[in-house]
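Protein chains: 2
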Amino acid sequence: MKKKTIDINTHERILTSAKKIFYLKGLDGARMQEIADEANINKAMLHYYFRNKEALFDAVFAEATGNILPQVSELLNAEMPLLEKISYFTDKYITILSENPLIPAFIIKEMNNNPERFFKIFNEKIRLKPAVFIKQIKSAVRNGIIKPVDPLQLFLNMISLCIFPFLARPMIMNVFGMNDDDFRKFLNKRKKEIPVFIINSIKI
Amino acid sequence: MKKKTIDINTHERILTSAKKIFYLKGLDGARMQEIADEANINKAMLHYYFRNKEALFDAVFAEATGNILPQVSELLNAEMPLLEKISYFTDKYITILSENPLIPAFIIKEMNNNPERFFKIFNEKIRLKPAVFIKQIKSAVRNGIIKPVDPLQLFLNMISLCIFPFLARPMIMNVFGMNDDDFRKFLNKRKKEIPVFIINSIKI
DNA sequence: GTCTATATTCCGATAGAC
DNA sequence: GTCTATCGGAATATAGAC
Chain A
877 MKKKTIDINT HERILTSAKK IFYLKGLDGA RMQEIADEAN INKAMLHYYF RNKEALFDAV
937 FAEATGNILP QVSELLNAEM PLLEKISYFT DKYITILSEN PLIPAFIIKE MNNNPERFFK
997 IFNEKIRLKP AVFIKQIKSA VRNGIIKPVD PLQLFLNMIS LCIFPFLARP MIMNVFGMND
1057 DDFRKFLNKR KKEIPVFIIN SIKI
Chain B
877 MKKKTIDINT HERILTSAKK IFYLKGLDGA RMQEIADEAN INKAMLHYYF RNKEALFDAV
937 FAEATGNILP QVSELLNAEM PLLEKISYFT DKYITILSEN PLIPAFIIKE MNNNPERFFK
997 IFNEKIRLKP AVFIKQIKSA VRNGIIKPVD PLQLFLNMIS LCIFPFLARP MIMNVFGMND
1057 DDFRKFLNKR KKEIPVFIIN SIKI
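Chains as they are written, first to last, in this note's numbering: chain A, 877 to 1080; chain B, 877 to 1080.
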């Protein structure tokens, strides 16, 4: 088995390590040495596979957004009645986030740190389009299925309620004295309670 | 007018500039040079007034948390019936955040970057205590004023709905094509809609 | 492809004159 | 208190042997 056969694995290992470090510390806080250590390779290899730190970061960022946002779009555009969709979305969305618990804070951080770079990538490749879902809410209001609400506000309510726990996780665990398992249970409970909370509010 | 008379102003000017830079870029992303430029002074002065970068950051951090969190505690512990308090809290909280729109992202960023440092300061000095409010919710459930809900979940719903727009502001403005004025109007509308949304959900 | 050694850049911090 | 000049360390990046 020649060393050359390792390259794809190395490439993958670097990306995996880079994700871990960048997600936790951000572009500015991450150290190339730390990423190399985490991947059990030499620092020079990072530059061999990815030109420089920024290129490595872009790869990580592309994976973070390119992985999650299409899934969210798909949930939003699923064809089903609104009330059913709210439950469906909440449940699936929190599940997705639970599998990628560090990504929300990562996105928020990088978006606020450097909006230009963020939206350059975001608007080119990814593009989140809630237009269909917004229309569905409008239609439900018009047809008397739900109370008259501002569709944008309702949409943001859904998103806020799902994402916030992942952003504030350390604070929540600290203030309410939770350990990892407590927090996991808390999320599972929340998965069920959010749709009840929303639907109770808007149903007629 | 001697130069010596300027020192308090300089101290203040440094803090103001440091806040601006640290809020936007975080501890890691901020440059001492940038803070000095912003304050129109020399880099060496930063070290004269504040020992080093960390000390300057600590001062900024202390102001950020020490300014906002006590106000929030006060809102939470205000003496009034629950439903009224929900409206009161939402309105005042969003007003406070509007005056300090960068602080939420700053807190989330630093808390996730370095939880140890964060909670060392947080637990010593500030301490957020929602216990009284949680009890009030429990009591309202017991007395049949609101539907049976998990107090912790309801509390986090309130917080999530208020804070999230400030965290996701660039994204919201981008996706929905808002300018600064649009966003300001959006927040004012939200201030009124959040309590309606919550109370509709839990009232009997 | 992988490594060691080294170059280069950047940035926080200090020395010392005024 | 304020400035200029500079040091010293750290981190990114590259050269070059294997």
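Glycine residues also receive a C-beta, built at the ideal position from the N, C-alpha and C atoms.
Please read these numbers as outputs of a predicted model, since none were measured by experiment.
Give me the residue from the options with the minimum Cα distance to residue i.
i                       : options                           : result
residue 1062 of chain B : B:1073, B:1049 and B:1072         : B:1049
residue 990 of chain B  : A:897, A:1080, A:901 and A:954    : A:901
residue 1034 of chain A : A:1006, A:1065, A:1051 and A:1070 : A:1070
residue 978 of chain A  : B:984, B:978, B:1007 and B:1053   : B:984
residue 976 of chain B  : B:1073, B:942 and B:1052          : B:942
residue 1030 of chain A : A:1074, A:1060 and A:999          : A:1074
residue 986 of chain B  : B:934, B:1005 and B:917           : B:934
residue 1051 of chain A : B:1064, B:960, B:1047 and B:1003  : B:1003
residue 916 of chain B  : B:1053, B:906 and B:892           : B:892
residue 1006 of chain B : A:954, A:949, A:907 and A:1053    : A:1053
residue 1046 of chain B : A:1008, A:921, A:1072 and A:996   : A:996
residue 994 of chain B  : A:1044, A:1010 and A:960          : A:1044
residue 1072 of chain B : B:1037, B:1055, B:1060 and B:1059 : B:1037
residue 1080 of chain A : A:1065, A:1020 and A:930          : A:1020
residue 1008 of chain A : A:949, A:1059 and A:1064          : A:949
If I'm right that residue i touches residue j with Cβ under 8 Å, what's the distance once you round it to whole angstroms?
i                      : j                       : result
residue 951 of chain B : residue 1022 of chain B : In fact, because the Cβ distance is near 19 Å, the residues do not count as touching under 8 Å.
Tell me which same chain residues have a C-beta within less than 8 Å of the C-beta of residue i, skipping the five on either side of it?
i                       : result
residue 1025 of chain B : 1013, 1017 and 1078
residue 1076 of chain B : none
residue 1001 of chain A : 938, 941 and 942
residue 904 of chain B  : 989
residue 1039 of chain B : 973 and 980
residue 1010 of chain A : 1027, 1028 and 1031
residue 992 of chain A  : none
residue 1057 of chain A : none
If you drop the 5 nearest sequence neighbours on each side, which residues of the same chain put their C-beta closer than 7 Å to that of residue i?
i                       : result
residue 1067 of chain B : 966, 967 and 970
residue 909 of chain B  : 919
residue 914 of chain A  : 893, 896 and 897
residue 956 of chain B  : 964
residue 961 of chain A  : 954
residue 930 of chain B  : none
residue 922 of chain B  : 890, 908, 911, 912 and 932
residue 1065 of chain A : none
Go through its chain and collect everything with a Cβ distance to residue i's Cβ below 6 Å, but skip five positions before and after it.
i                       : result
residue 973 of chain A  : 1042
residue 947 of chain B  : 972
residue 894 of chain A  : 911, 932 and 936
residue 899 of chain A  : 978 and 982
residue 998 of chain B  : none
residue 906 of chain A  : 897 and 898
residue 1059 of chain B : 1049
residue 1055 of chain A : none
residue 1015 of chain A : none
Relative to the ligand MG, is the shortest distance from any of its heavy atoms to the C-beta of residue i smaller than 7 Å?
i                       : result
residue 1032 of chain A : The model on display carries no ligand, and the ligand MG is accordingly not part of it.
Quick one: any contact between the region 887 to 901 of chain B and the region 925 to 933 of chain B, if contact means 3 or more CB pairs under 8 Å?
Yes: at least three Cβ pairs fall under 8 Å.
What runs of the beta strand (DSSP E), each 3 residues or longer, lie entirely inside the region 994 to 1075 of chain A?
As far as the region 994 to 1075 of chain A is concerned, it has no whole beta strand (DSSP E) run of at least 3 residues.
Runs of 4 residues minimum, wholly inside the region 887 to 926 of chain B: which ones carry the alpha helix (DSSP H) assignment?
The region 887 to 926 of chain B contains these whole alpha helix (DSSP H) runs: 908 to 915 and 919 to 925.
Segments of 4+ residues assigned as alpha helix (DSSP H) that fall wholly inside the region 919 to 981 of chain B
Positions of the alpha helix (DSSP H) runs, each at least 4 residues long and wholly inside the region 919 to 981 of chain B, are given as 919 to 925, 929 to 953 and 958 to 975 in order along the chain.
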